[in-house]
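Numbering (the working numbering), first residue to last: 545 to 616. Note that the Cβ used here is the ideal one computed from N, Cα and C, for glycine as well. Quick caveat, the model's predicted, so the values are computed rather than measured.
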């Protein structure tokens with residue numbers, strides 16, 4: 545496997561074709577590392593969102609009564 549910034553090159557040895565020859569498979573998988581990085585970034589953002597306290601603000605409905613409202 546050869547890592548590149550825009551994908552990975554995989555080289556694998558396949559079945560024996562003749563007495564001296566083997567089948568070789570060469571594959572290029574584009575942006576595989578970026579897909580994993582994106583998934584990890586989504587998980588990190590979800591953990592931060594779950595651990596963060598919600599912000600509350602006071603909203604005036606009338607001049608005499610106030611209640612806390614979730615702002616987010």
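Can you give me the start and stop residues for the beta strand (DSSP E) that residue i sits inside?
{"i": "residue 572", "result": "566–574"}
{"i": "residue 562", "result": "Counting along the chain, residue 562 falls outside any beta strand (DSSP E), and DSSP gives it neither H nor E."}
{"i": "residue 547", "result": "546–548"}
Which value, in whole angstroms, describes the spacing of the CA atoms of residue i and residue j?
{"i": "residue 556", "j": "residue 564", "result": "17 Å"}
{"i": "residue 599", "j": "residue 589", "result": "17 Å"}
{"i": "residue 548", "j": "residue 568", "result": "21 Å"}
{"i": "residue 596", "j": "residue 558", "result": "51 Å"}
Output needed for residue i: all residues of its chain with C-beta closer than 7 Å, excluding positions within five of it in sequence on either side, in chain order.
{"i": "residue 560", "result": "566"}
{"i": "residue 583", "result": "none"}
{"i": "residue 575", "result": "550 and 551"}
Is the distance from the Cβ of residue i to the Cβ of residue j below 8 Å?
{"i": "residue 553", "j": "residue 570", "result": "yes"}
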